[in-house]
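There are 2 protein chains.
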Amino acid sequence: MPAYTRLDVDERRRRLLELGADLFTRFAYDELSMSRIAKEAGISKALLYHYFPSKEAYFVATLEEKTAELAARTEPDESLPPLEQLSASLEAYLAWVEENAGSYEKMIRSSSVPEVRALLDRVRGETAQRIVDGIRGDKPATPVLRAAVGGWLWFMDGACLDWLEHRDMDRETVHGLLLATLVGAVLAAGEGL
Amino acid sequence: MPAYTRLDVDERRRRLLELGADLFTRFAYDELSMSRIAKEAGISKALLYHYFPSKEAYFVATLEEKTAELAARTEPDESLPPLEQLSASLEAYLAWVEENAGSYEKMIRSSSVPEVRALLDRVRGETAQRIVDGIRGDKPATPVLRAAVGGWLWFMDGACLDWLEHRDMDRETVHGLLLATLVGAVLAAGEGL
Chain A
5 MPAYTRLDVD
15 ERRRRLLELG
25 ADLFTRFAYD
35 ELSMSRIAKE
45 AGISKALLYH
55 YFPSKEAYFV
65 ATLEEKTAEL
75 AARTEPDESL
85 PPLEQLSASL
95 EAYLAWVEEN
105 AGSYEKMIRS
115 SSVPEVRALL
125 DRVRGETAQR
135 IVDGIRGDKP
145 ATPVLRAAVG
155 GWLWFMDGAC
165 LDWLEHRDMD
175 RETVHGLLLA
185 TLVGAVLAAG
195 EGL
Chain B
5 MPAYTRLDVD
15 ERRRRLLELG
25 ADLFTRFAYD
35 ELSMSRIAKE
45 AGISKALLYH
55 YFPSKEAYFV
65 ATLEEKTAEL
75 AARTEPDESL
85 PPLEQLSASL
95 EAYLAWVEEN
105 AGSYEKMIRS
115 SSVPEVRALL
125 DRVRGETAQR
135 IVDGIRGDKP
145 ATPVLRAAVG
155 GWLWFMDGAC
165 LDWLEHRDMD
175 RETVHGLLLA
185 TLVGAVLAAG
195 EGL
């Protein structure tokens with residue numbers, strides 16, 4: 005029995021999550037079994053179960069890992085004015101989407117799996133809050149601003165899926181479209197950005 | 005053996021689809037079985053299978069029926085200028101969403117079921133084409149206009165789900181937000197509406 009140190013455990017978990025992001029992108033969910041995943045990872049099935057109690061838990065954990073990575077990369081720089089913060093975060097978001105196209109598409113397309121939906125709703129909720137705070141400071145969003153910002157996050161996913169499907173626009177074009185549409189939606193909600 | 009006329013068959017199918025729209029809204033998909041549906045419909049399970057080969061086929065058929073109803077109600081009046089056509093169709097869309105809130109939410113939330121996704125993609129594709137035709141006439145959409153209109157259809161679903169969840173805006177407010185955001189997105193794509 006190898007005596008794993010704390011670092012070994014974390015490091016193996018990290019590698020398993022990386023492998024998962026790749027596997028769940030390359031294969032349909034139903035094509036993968038815990039046996040196959042263990043084989044791909046070069047570990048025993050028992051050890052895999054030690055880290056993740058089920059295939060679903062493993063899938064959700066890989067998405068959570070990706071989401072945390074995304075959140076870190078799009079963290080706004082609060083020394084900038086709101087519109088520039090947003091523009092910079094959006095640029096980081098699009099760069100991440102481009103690099104992680106497979107995981108991103110899988111996540112959006114799996115939105116009726118309850119755990120994935122909860123994750124997506126949480127990420128959208130946090131992002132919406134960030135944007136609303138930039139616009140309203142400490143005041144809560146009006147209903148129409150909440151709908152505008154929330155709707156725009158859907159716009160972003162729809163436009164990104166279109167971009168990844170066709171790959172006939174550069175990132176700057178997508179960035180400009182998203183930013184201008186948000187400004188328009190916020191304006192329509194009676195606020196400025 | 006009753007000798008059903010053609011009308012009887014159509015009428016029974018129509019009623020089964022109506023019942024399905026209600027049942028799939030009130031119950032989780034997994035809670036319903038073909039036996040239970042037959043019981044609710046007051047017919048034999050064998051007769052139900054005669055109309056729909058599986059629960060999934062029945063579910064998809066109820067969504068298709070709702071979608072056809074929606075398409076008929078939002079059919080644009082081509083005697084009007086493009087922006088007014090759009091405004092009128094959007095008004096009809098929102099009225100339909102309000103009346104069919106349960107089916108609508110179910111459809112958007114089931115978008116990773118392949119048949120539902122195909123149906124949603126088809127409806128979004130046809131609607132996007134209508135809007136692009138209103139803007140560009142016979143010319144095809146540029147990539148960025150395609151992404152703008154496609155993204156806006158996602159915006160519409162996100163904003164409608166927010167509206168149905170909170171119910172704290174009137175339909176006119178949602179209508180104004182959606183229309184202004186589309187105008188903004190189309191403008192950002194370098195076109196006018």
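In order, the protein sequences belong to chains A and B. Whatever position you read off the first sequence (first residue = 1), add 4 for our numbering. Whatever position you read off the second sequence (first residue = 1), add 4 for our numbering. Note that beta-carbon positions come from the ideal geometry of N, C-alpha and C, so glycine has one too.
Using the Cβ count rule (16 or more neighbours within 10 Å means buried), how would you classify residue i?
| i | result |
| --- | --- |
| A:R150 | buried |
| B:L39 | With the sequence shown as reference, residue 39 of chain B is identified as Ser, and Leu is not the correct amino acid for it. When all chains shown are included, B:S39 counts as exposed. |
| B:D12 | exposed |
| B:L1 | Since the first residue shown for chain B is 5 and the last is 197, residue 1 of chain B is missing from the structure and cannot be characterised. |
| A:S37 | exposed |
| A:G196 | exposed |
| A:K110 | buried |
| B:L74 | buried |
| A:S114 | buried |
| A:E176 | exposed |
| B:G162 | buried |
| B:K70 | buried |
| B:D81 | exposed |
| B:D14 | exposed |
| A:L165 | buried |
| A:A61 | exposed |
If you check the beta carbons only, do residue i and residue j fall under 9 angstroms apart?
| i | j | result |
| --- | --- | --- |
| B:F159 | A:G155 | yes |
| A:A45 | A:L67 | no |
| A:A193 | B:L181 | yes |
| B:Y108 | B:F63 | no |
| A:R30 | A:G138 | no |
| A:R16 | A:I47 | yes |
| B:P147 | A:D172 | yes |
| B:A92 | B:A152 | no |
| B:L124 | B:I135 | no |
| A:L168 | A:V127 | no |
| B:V98 | B:V178 | As written in the sequence, residue 98 of chain B is Leu, which differs from the Val given in the question. Closer than 9 angstroms, so yes. |
| B:R121 | B:A96 | no |
| A:A65 | A:G129 | no |
| A:S94 | A:A132 | Per the sequence presented here, residue 94 of chain A reads as Leu, with Ser not at that position. No. Outside cutoff. |
| B:L191 | A:A184 | yes |
If you reduce the DSSP assignment to three classes, tell me which class residue i lands in.
| i | result |
| --- | --- |
| A:T78 | helix |
| A:D174 | coil |
| B:D142 | coil |
| B:L36 | coil |
| A:F31 | coil |
| A:F159 | helix |
| B:G180 | helix |
| B:G106 | helix |
| A:I112 | helix |
| A:G188 | helix |
| A:G129 | helix |
| B:I47 | coil |
| A:M5 | Confidence in A:M5 is poor, its pLDDT being 49 and thus under 50, which makes the residue's placement unreliable; the coordinate value appears in the next sentence. Residue state, collapsed to three classes: coil. |
| A:P147 | helix |
| B:L20 | helix |
| A:P118 | helix |
| B:M63 | Sequence check: residue 63 of chain B is Phe here, not Met. B:F63 falls in the helix class under three-state DSSP. |
| A:S93 | helix |
| A:E154 | Residue 154 of chain A is actually Gly in this sequence, not Glu. Three-state DSSP puts A:G154 in a helix. |
| B:A193 | coil |
| A:E57 | Note on identity: in this sequence residue 57 of chain A is Pro, with Glu being the wrong assignment. Here A:P57 sits in coil by DSSP. |
| A:P85 | coil |
Is any beta-carbon of chain A found at less than 9 angstroms from that of residue i?
| i | result |
| --- | --- |
| B:S115 | yes |
| B:T185 | yes |
| B:E195 | no |
| B:M5 | Caution is warranted here: a pLDDT of 49 is assigned to B:M5, below 50, making its placement in the model unreliable, and no coordinate value can be reported. |
| B:L191 | yes |
| B:R134 | no |
| B:A99 | no |
| B:A151 | yes |
Looking at the C-beta of residue i, does it have a partner C-beta in chain B at a distance below 9 angstroms?
| i | result |
| --- | --- |
| A:L182 | yes |
| A:G154 | yes |
| A:V148 | yes |
| A:R121 | yes |
| A:G106 | no |
| A:G129 | no |
| A:G46 | no |
| A:G188 | yes |
The region 157–177 of chain B: which residues have C-beta closer than 9 angstroms to a C-beta of chain D, in chain order?
Looking at the structure shown, chain D is missing, and the protein chains on hand are A and B.
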